[in-house]
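Taken in sequence, the protein lines are chains A and B. Oh and the first sequence: position 124 is 124 in this note's numbering, straight run, nothing missing. Oh and the second sequence: position 92 is 92 in this note's numbering, straight run, nothing missing. We put the beta carbon where it would ideally sit given N, CA and C, even for glycine. The structure under discussion appears below in the form of structure tokens.
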Amino acid sequence: MAAGATYEPIATTTLSGASTWTFSSIPGTYTDLIAIVVVTSTTGNSFHWRFNGDTGNSYSYTVLEGNGSAASSARSSSDTNINIYSGVGTANPSMFRTHIMSYAGSTNKTVLSEAANDKNGSGIVNRLVGLWRNTSAITSITGTTFAGTLTGTATLYGIKAA
Amino acid sequence: MPTPTYVAIAKTVLTGTATYVDFDSIPQTYTDLLIVASTRNDAGAGQQSIVVRNNKSAFSSARGLEGNGSAASSNSFANQGSVANSTFTSNTFASSEFYLANYTNTSNHQTSSTTTNENNTTTITTGIRATAAIDSQTVAVTSLRIANSVGSFVSGSRFDLYGIKNS
């Protein structure tokens, strides 16, 4: 029997001056989720992720990043969101790929994220690990800017293990 | 059956040496492109790198982040991934992934890459390298060239191109 698709688009949102967007009613039928966000910002500020609308101090993350001349690392504990941290380009589109492991399982949820935010002469590259201390299945994911608005696309994919 | 959204577009496995590998006539029917590469070259010790050239042209700018097991650093690389060189243990290849989003757009394209390059010892090229690179092109990407900074890819180097569709 032929195998079914293992990497499927769940939803795509076109952002046009948006400060927040939500992927809702996420089916629990995949193994992992991957969000791809390609955007420009009016202010250059970062955005953050929240799951299931949780605004409590349930999140933590550690980021490793480079700006072309120095490497640095930072972290935040008991935060109210997972900050993608790199900022967003104002002229050139920045790209973010966020992998959410075992999102439908009953363990706390781990996130791996990468940011490509080269601004043609400056910018940031980073890798981030995040944790949402919640054992509920993730059924919605919200991205929100810290300031300004975003224009571009945000797509959520589901990945199925064999 | 659902429409496939993560599709193998092309594959190149070298049976000899090559200074670069091209993917031409890339279909414009996907949203993003992903290159997975397993690479080794014939150059000697030194900081050899590989670069993905959109439409076979140099990108404009890149930020790099590296860790080699003892220190982390960041540079404005002229290249992207690292590559196993001829001083590495036989049959050892570096593994790289290059993600190019919205490649059909006619605006600058951002590429995110990660390379792991391990040789059971510390050299200038071993460790992990992550990069963000941008081109200044205002046309869709229809071809890709994966090139060495020095030397040639050797036999057994592999390059897979995937297309990812968001609908």
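Identify the continuous beta strand (DSSP E) that holds residue i and give its terminal residues.
i: residue 21/B; result: 20–23
i: residue 34/B; result: 32–39
i: residue 23/A; result: 20–23
i: residue 180/B; result: The question about residue 180/B has no answer here: the residues shown for chain B are numbered 1 through 167.
i: residue 99/A; result: 94–100
i: residue 141/A; result: 141–145
i: residue 116/A; result: 109–118
i: residue 99/B; result: 94–100
Buried or exposed: residue i, going by 16 or more other Cβ atoms within 10 Å of its Cβ?
i: residue 111/A; result: buried
i: residue 154/B; result: buried
i: residue 56/A; result: exposed
i: residue 120/B; result: exposed
i: residue 27/B; result: exposed
i: residue 1/B; result: Below a pLDDT of 50, predicted positions are generally treated as unreliable, and residue 1/B, at 47, falls in that range; the measurement from the model is reported next regardless. It is exposed - the Cβ of residue 1/B has fewer than 16 other Cβ atoms within 10 Å.
i: residue 133/A; result: exposed
i: residue 2/A; result: Any reading at residue 2/A must be qualified, since the residue scores a pLDDT of 47, below 50, and its modelled position is unreliable; no value is offered.
i: residue 161/A; result: exposed
i: residue 81/A; result: buried
i: residue 119/A; result: buried
i: residue 77/A; result: exposed
i: residue 16/B; result: exposed
i: residue 63/B; result: buried
i: residue 156/B; result: exposed
i: residue 13/B; result: exposed
i: residue 129/B; result: buried
According to DSSP, what are the bridge partners of residue i?
i: residue 79/A; result: 59/A
i: residue 6/B; result: 164/B
i: residue 48/B; result: None, per the DSSP bridge assignment.
i: residue 39/A; result: 94/A, 152/A
i: residue 110/B; result: 134/B
i: residue 12/A; result: 155/A
i: residue 148/B; result: 50/B
i: residue 46/A; result: DSSP lists no partner for residue 46/A.
i: residue 66/A; result: 71/A, 125/A
i: residue 59/B; result: According to DSSP, which records beta bridges pairwise, residue 59/B is partnered with nothing at all.
In three-state DSSP terms, what is residue i?
i: residue 11/B; result: strand
i: residue 1/A; result: Annotation note: pLDDT 42 at residue 1/A (below 50); position unreliable, coordinate value reported separately. The answer is coil: DSSP assigns residue 1/A none of H, G, I, E or B.
i: residue 133/A; result: coil
i: residue 52/A; result: coil
i: residue 7/A; result: strand
i: residue 115/B; result: strand
i: residue 179/B; result: An answer regarding residue 179/B cannot be provided, because it is not within the stretch 1 to 167 covered by chain B.
i: residue 82/B; result: strand
i: residue 32/A; result: strand
i: residue 123/A; result: strand
i: residue 73/B; result: strand
i: residue 74/A; result: strand
i: residue 153/B; result: strand
i: residue 159/B; result: strand
i: residue 17/A; result: strand
May I ask whether a heavy atom of the ligand FMN can be found less than 6 Å away from the beta carbon of residue i?
i: residue 77/A; result: Of the ligands one can find in the structure shown there are none, so the ligand FMN has no counterpart to examine.
| Segment contact flag, the region 40–53 of chain B with the region 147–155 of chain B, C-beta cutoff 8 Å, min 3 pairs | By the Cβ criterion, the region 40–53 of chain B is in contact with the region 147–155 of chain B, since at least three pairs of Cβ atoms, one from each stretch, lie closer than 8 Å.
| Cβ contact check for the region 148–158 of chain A and the region 13–25 of chain A: 3 or more pairs under 8 Å | Of all C-beta pairs linking the region 148–158 of chain A to the region 13–25 of chain A, three or more are shorter than 8 Å, placing the two stretches in contact.
| message | Does the contact criterion of 3 or more C-beta pairs under 8 Å hold for the region 132–141 of chain B versus the region 48–56 of chain B? | response | Here the region 132–141 of chain B lies against the region 48–56 of chain B, with 3 or more beta-carbon pairs under 8 Å apart.
| query | Does the region 90–109 of chain B come close enough to the region 62–74 of chain B to have 3 or more Cβ pairs within less than 8 Å? | reply | No: fewer than three Cβ pairs fall under 8 Å.
| query | How do the region 57–68 of chain A and the region 116–128 of chain A stand: do at least 3 beta-carbon pairs fall below 8 Å, yes or no? | reply | Yes, they touch.
| Stretch pair the region 84–98 of chain A + the region 30–41 of chain A: three plus CB contacts closer than 8 Å | The region 84–98 of chain A vs the region 30–41 of chain A: in contact.
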